[in-house]
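Asks:
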Amino acid sequence: MHLFRVTLCTFGLIAGLGCAVASPGAAVPVSEEPTQDECNAAVAEARALAAALPPDHLSRYFAERHLHQALVEAGNGEFDECVDMAARASDEVRERRHELRPGEKLKVLRADE
933 MHLFRVTLCT
943 FGLIAGLGCA
953 VASPGAAVPV
963 SEEPTQDECN
973 AAVAEARALA
983 AALPPDHLSR
993 YFAERHLHQA
1003 LVEAGNGEFD
1013 ECVDMAARAS
1023 DEVRERRHEL
1033 RPGEKLKVLR
1043 ADE
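Numbering (the numbering used here), first residue to last: 933 to 1045.
#1: In the DSSP assignment, find the alpha helix (DSSP H) that holds L990 and state where it starts and stops.
#2: Could you name the residues of the same chain whose beta carbon sits closer than 7 angstroms to that of N1008, not counting the 5 residues immediately before and after it, in chain order?
#3: Among the residues of its own chain, which have a CB less than 8 angstroms from the CB of H998, if the five just before and after it don't count?
#4: Does the Cβ of E1031 have 16 or more other Cβ atoms within 10 Å, making it buried, or fewer, making it exposed?
#5: Which of helix, strand or coil does DSSP assign to T1033?
#6: Taking the alpha carbon of K1039 as the reference point, which residue from E970, D969, D988, A976 has its own alpha carbon closest?
#7: Does E1131 come out as helix, strand or coil in the three-state DSSP assignment?
#8: Is E1027 helix, strand or coil when you go by DSSP?
#9: Where does V938 land, buried or exposed, given buried means 16+ other C-beta within 10 angstroms?
#10: State the Cα-Cα distance for the pair D969 and F994, rounded to the nearest angstrom.
#11: Tell me which same chain residues have a C-beta within less than 8 angstroms of the C-beta of E1010, skipping the five on either side of it?
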């Protein structure tokens, strides 16, 4: 009985290795990194969503900051980060996470303040 199990396991191992050798590319997952075109499309979509909000809306301000960072990442060749930042901008606009109370104004400080 022991010899039967050893033989069966050995045969299974050899058959498995034979399949791996016969199709070496089948076991390797293909990396689907975003392209520059996908990045540009994501940024354009998020920018259109942000433009629908009033210029002084706080969520638009944060969405535009995310879009700026998306373009920086695209310039560095990091298209996956670009798509991620564009998605953050879209989420910011859709969910409107930041709201100003009535009468409040957005005051953005300059770099020297």
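C-beta atoms are modelled at their ideal positions from N, C-alpha and C, and glycine is treated no differently.
Replies: Taking the definition as stated:
#1: In the DSSP assignment, L990 falls within the alpha helix (DSSP H) that extends over 990–1007.
#2: Excluding sequence neighbours, N1008 sits near nothing in its chain.
#3: A978, M1017, A1018, R1020, A1021, E1024
#4: exposed
#5: Correcting the residue identity first, residue 1033 is Arg in this sequence and not Thr. DSSP places R1033 in coil when its eight states are reduced to three.
#6: D988
#7: Residue 1131 is absent from the structure shown; the chain starts at 933 and stops at 1045.
#8: helix
#9: With a pLDDT of only 49 at V938, under 50, the local geometry of the prediction cannot be trusted, and the value read off the model is given with reservation. Its Cβ having fewer than 16 others within 10 Å, V938 is exposed.
#10: Rounded to whole angstroms, the separation of the alpha carbons of F994 and D969 is 23 angstroms.
#11: none
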